[in-house]
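Colleague: Take a look at this one; I'll ask things after.
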Amino acid sequence: MEDVEEIRRKRLLELQAKLEEQQRQEELRRQYEMQKRQAIQQIMTPEARSRLSNLRIAKPEYVENLELQLIQLVRAGRIKPPITDKQLREILRQIQRRKPGFRIRRR
1 MEDVEEIRRK
11 RLLELQAKLE
21 EQQRQEELRR
31 QYEMQKRQAI
41 QQIMTPEARS
51 RLSNLRIAKP
61 EYVENLELQL
71 IQLVRAGRIK
81 PPITDKQLRE
91 ILRQIQRRKP
101 GFRIRRR
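Just so we're aligned: 75 in our numbering is position 75 of the sequence shown, and the numbers increase by one with no gaps anywhere.
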């Protein structure tokens with residue numbers, strides 16, 4: 001009987017450690033998101049942020065990557081903040097031009 005109790009106790013400890021690790025990872029993710037949100041707020045005008053949030057509804061993963069790229073461009077000095085709506089539209093156009101397309105040909 002003591003063996004069963006020992007196994008249960010070990011399993012409980014493992015589950016608690018796993019839960020603590022998940023909570024720690026979630027907290028790190030929350031902090032990262034908060035820092036990213038603050039950076040975006042500092043480098044973009046309200047109109048540009050509005051356009052970005054509208055775009056996020058349709059393409060959330062696309063906007064996620066775009067935000068990271070914009071932050072990196074500002075930090076590297078390639079774009080001067082604040083990024084206006086007009087600048088953001090131009091950046092989006094440039095990205096669309098570079099994006100490879102495909103055609104479906106019908107015979």
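Where a beta carbon is used, it is the ideal one built from N, C-alpha and C, also for glycine. Quantities reported herein were computed from a predicted structural model and do not represent experimental measurements.
#1: Since I believe Leu70 is in contact with Ile57 (beta carbons under 8 Å), could you give me their beta-carbon distance rounded to a whole number of angstroms?
#2: Along the chain, where does the alpha helix (DSSP H) that runs through Pro60 open and close?
#3: For Lys36 and Ile104, I'd like the C-alpha separation in whole angstroms.
#4: Would Arg51 pass as a contact of Leu88 if the rule is Cβ separation under 8 Å?
#5: I need the straight-line Cα distance from Arg106 to Val63, nearest angstrom please.
#6: If you follow the alpha helix (DSSP H) that Lys80 is in, where does it begin and where does it stop?
#7: Which whole-angstrom value is the C-beta distance of Arg49 and Gln38, which I expect to be below 8 Å?
#8: Can you name the start and end residues of the alpha helix (DSSP H) that Arg29 belongs to?
Modeller: A quick look at the data gives this:
#1: About 18 Å separates the two Cβ atoms, so there is no contact after all.
#2: Pro60 to Ala76
#3: 39 Å
#4: yes
#5: 33 Å
#6: Here Lys80 belongs to no alpha helix (DSSP H), and DSSP marks it neither H nor E.
#7: That pair is no contact at about 12 Å.
#8: Glu2 to Ile43
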